[in-house]
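**Q**
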Amino acid sequence: MQTPEDTAASLQLDDMLRAVRRRWPTALVVMLLGLMVGIGLASAAPKNYTASTSVVIDTAAGATASTSASEMATEAQTVTSTSVVERAAELSGFDASTLRDGLTVSNPDSSRVLRITYAADTADAAAAGANAVGQAYLDQRGERAKAQAEASAAPIKERAEALRNQLSQMTANQSALASAYGQQLATLEARLADLDLTGDASDGRIVSQASPPTAAAGPSLAIYAVGGLFLGVVAAVGAALLRDRLSRRARDARLLSQRLDAPVVTAGRRTDAEDAIRTLALRLDLHERPDPLVVAVVSPGPTGVAAGLSKLLRNREGRTRLLNAAGVSARRIDRGWPRDRGQANVTVVELSERIDNPLAVAVASRADVVVLALPAGARLGAVNRFLSLLHATGHGLDGALLLHRRSPLVLTEAPAKEAAKEAAKEPAVEADTAPTAPSRATGRIAAAARATLNLNGA
119 MQTPEDTAAS
129 LQLDDMLRAV
139 RRRWPTALVV
149 MLLGLMVGIG
159 LASAAPKNYT
169 ASTSVVIDTA
179 AGATASTSAS
189 EMATEAQTVT
199 STSVVERAAE
209 LSGFDASTLR
219 DGLTVSNPDS
229 SRVLRITYAA
239 DTADAAAAGA
249 NAVGQAYLDQ
259 RGERAKAQAE
269 ASAAPIKERA
279 EALRNQLSQM
289 TANQSALASA
299 YGQQLATLEA
309 RLADLDLTGD
319 ASDGRIVSQA
329 SPPTAAAGPS
339 LAIYAVGGLF
349 LGVVAAVGAA
359 LLRDRLSRRA
369 RDARLLSQRL
379 DAPVVTAGRR
389 TDAEDAIRTL
399 ALRLDLHERP
409 DPLVVAVVSP
419 GPTGVAAGLS
429 KLLRNREGRT
439 RLLNAAGVSA
449 RRIDRGWPRD
459 RGQANVTVVE
469 LSERIDNPLA
479 VAVASRADVV
489 VLALPAGARL
499 GAVNRFLSLL
509 HATGHGLDGA
519 LLLHRRSPLV
529 LTEAPAKEAA
539 KEAAKEPAVE
549 ADTAPTAPSR
559 ATGRIAAAAR
569 ATLNLNGA
């Protein structure tokens, strides 16, 4: 079972899909623009190449080559130290500050390996920088180990030299003491030999030389293009919805209903005319409304809606007549037309000429039901002006019928002629050819129109 939230989400998705389908040229252009922006960003983004060299620290160098986590963290800091960076700058010919900015050091899986990574604008520079830093680090580490070995050997050498001097001064009667001194001297010389090996040996080595990378680091052109296309799709949906909201044409029944604040019935290309009229009558409950009933059918141009409603409502008891407001004088309208005389049970009035004129609004304001008939794609300028004037009189629109351009209800000559004949049967009144002064009804409508325009302007 669908919840109200699911239904609302479905309706919004339908609105988006319909808007994109109606505005597909705009949506396509915006999507292509998004794709071009993504490709442009990929081209304008600075190229960044990275290369890495791996250095392993051996444990054969003695206690000073501890591989504990804290010691490895210290060694990682040593790689980025000023002395190592300056030595690497001398080896590579790079600027020391530039070398430091592009340098990063990591210790993968807390192992005995340090990974030295350098980022540069070119692939060759990235590889040269990483290798120079790795070599500079090992050189400094070797010098440090040699210095430590020499410092440890100095007192041992002094002790050994003292023993040699004492042995050279001993006589044959001191053979036992000479033997003891000899053993001590041998031990000291063995320790000196170990320290010499420690100073000469390297306690680290490069296990993986950096090579120039084949591609720049960061997002590829494909990722930029896909990202731009995604943003283009989102922007395309927004542009299509915005164009729908700003459109001055009648295209979508749901959007038109929101604008008119009235129910809208759609008559498609293959919709039967009688079915469309019957649906509209049911939505407006026309069969249940009391007599006398006046229905005003308003449209930017003549349609078959008024004739169809008149034919449908003939099933009610009493007289039903179809009138056309075209050619009816202002004086007659001021006297109450179409309710002036000869009132029928049901009167259907077609207003299809200059609907934004105060005369048309005066006629519509006397109707019990006001229906708007619009061909799909019709401009809404005159309709909006008509509704502004109608609302100024305290009346509103009851419903609308949105017609497909090729719907059988779109203008045919027969309904217009039939309505004209019905209007000709009305009792004669003053001639419409003589100039007339503005009527009281039209004067009130015009005043309301001016007030509405003034409010809108304010």
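Under the working numbering, read the sequence shown as residues 119 to 576, first letter to last. C-beta atoms are modelled at their ideal positions from N, C-alpha and C, and glycine is treated no differently. Because the structure is a prediction, the values reported are computed rather than measured.
Smallest Cα separation from residue 325: which of 156, 345, 175, 163?
**A** If you number the sequence shown from 1, residue 325 lands on position 207. Of the candidates 156, 345, 175, 163, the one whose C-alpha sits nearest the C-alpha of residue 325 is 175.
**Q** Restricting to Cα atoms, I'd like to know which of 347, 357, 243 is closest to residue 334.
**A** In the sequence shown, the residue the question calls residue 334 occupies position 216. Closest option to residue 334, Cα to Cα, is 243.
**Q** Which residues in the same chain as residue 513 place their Cβ atom closer than 6 angstroms to its Cβ, once the five residues preceding and following it in sequence are excluded?
**A** Locating residue 513 in the sequence shown gives position 395, counting from the first residue. Excluding sequence neighbours, residue 513 sits near 483.
**Q** In whole angstroms, give me the CA-to-CA distance for residue 412 and residue 523.
**A** Within the sequence shown, numbered from 1, the residue matching residue 412 stands at position 294. Within the sequence shown, numbered from 1, the residue matching residue 523 stands at position 405. C-alpha separation (whole angstroms): 27 angstroms.
**Q** For the stretch 217 to 273, which segments carrying the beta strand (DSSP E) assignment without a break, of at least 3 residues, lie completely within its bounds, in sequence order?
**A** With a minimum length of 3 residues, the continuous beta strand (DSSP E) runs that stay inside the stretch 217 to 273 are 221 to 224, 231 to 238.
**Q** Who are the near neighbours of residue 431 in its chain, counting only those whose CB is closer than 6 angstroms to its CB and skipping five residues on each side?
**A** Sequence index remark: in the sequence shown, residue 431 carries index 313 (1-based). Same-chain partners within the cutoff: 438, 464.
**Q** Rounded to the nearest angstrom, how far is the Cβ of residue 350 from that of residue 148, given a contact under 8 angstroms?
**A** The residue given as residue 350 occupies position 232 in the sequence shown. The residue given as residue 148 occupies position 30 in the sequence shown. 6 angstroms between Cβ atoms; contact.
**Q** Rounding to the nearest angstrom, what Cα-Cα distance links residue 258 and residue 273 in this structure?
**A** By 1-based counting over the sequence shown, the position of residue 258 is 140. By 1-based counting over the sequence shown, the position of residue 273 is 155. Computed Cα separation, rounded: 24 angstroms.
**Q** Between residue 471 and the rest of its own chain, which residues show a CB-CB distance below 7 angstroms, the 5 nearest in sequence each way excluded?
**A** Along the sequence shown, one-based indexing puts residue 471 at 353. The answer, listed in chain order, is 444.
**Q** I think residue 246 touches residue 234, with their Cβ atoms under 8 angstroms apart; what is that distance to the nearest whole Å?
**A** Here the question's residue 246 lines up with position 128 in the sequence shown. Here the question's residue 234 lines up with position 116 in the sequence shown. The Cβ separation is near 12 angstroms, so there is no contact.
**Q** Give the straight-line distance between the Cα atoms of residue 239 and residue 165, rounded to the nearest whole angstrom.
**A** Here residue 239 corresponds to residue number 121 of the sequence shown, with the count starting at 1. Here residue 165 corresponds to residue number 47 of the sequence shown, with the count starting at 1. Whole-angstrom Cα-Cα distance: 6 angstroms.
**Q** Considering residue 172, what are the terminal residues of the alpha helix (DSSP H) in which it resides?
**A** If you number the sequence shown from 1, residue 172 lands on position 54. Careful: residue 172 lies outside any alpha helix (DSSP H), inside the beta strand (DSSP E) at 167 to 175.
**Q** Quick one: Cα of residue 517 to Cα of residue 490, how far?
**A** The residue given as residue 517 occupies position 399 in the sequence shown. The residue given as residue 490 occupies position 372 in the sequence shown. Those two C-alpha atoms are separated by around 6 angstroms.
**Q** Please report the distance separating the alpha-carbon of residue 256 from that of residue 329.
**A** Here the question's residue 256 lines up with position 138 in the sequence shown. Here the question's residue 329 lines up with position 211 in the sequence shown. Going by the C-alpha atoms only, they are around 19 angstroms apart.
**Q** Identify every residue that forms a DSSP beta bridge with residue 493.
**A** On the sequence shown, position 375 is the one that residue 493 refers to. DSSP, once it has assigned bridges, lists 521 as partnering residue 493.
**Q** Counting C-beta neighbours from all protein chains within 10 Å, is the total for residue 213 16 or more, i.e. buried, or is it exposed?
**A** Position 95 of the sequence shown holds residue 213. So residue 213 ends up on the exposed side.
**Q** In whole angstroms, what separates the C-alpha of residue 189 from that of residue 228?
**A** To locate residue 189, count along the sequence shown from 1; it is residue 71. To locate residue 228, count along the sequence shown from 1; it is residue 110. Whole-angstrom Cα-Cα distance: 10 angstroms.
**Q** Can you tell me the Cα-Cα spacing of residue 323 and residue 309, whole angstroms?
**A** Position 205 of the sequence shown, counted from the start, is the residue given in the question as residue 323. Position 191 of the sequence shown, counted from the start, is the residue given in the question as residue 309. Straight-line Cα distance between these residues: approximately 25 angstroms.
**Q** Taking DSSP's pairing of strands, which residues face residue 277 in a bridge?
**A** On the sequence shown, residue 277 is found 159 positions in, with the first residue counted as 1. DSSP, once it has assigned bridges, lists no residue as partnering residue 277.
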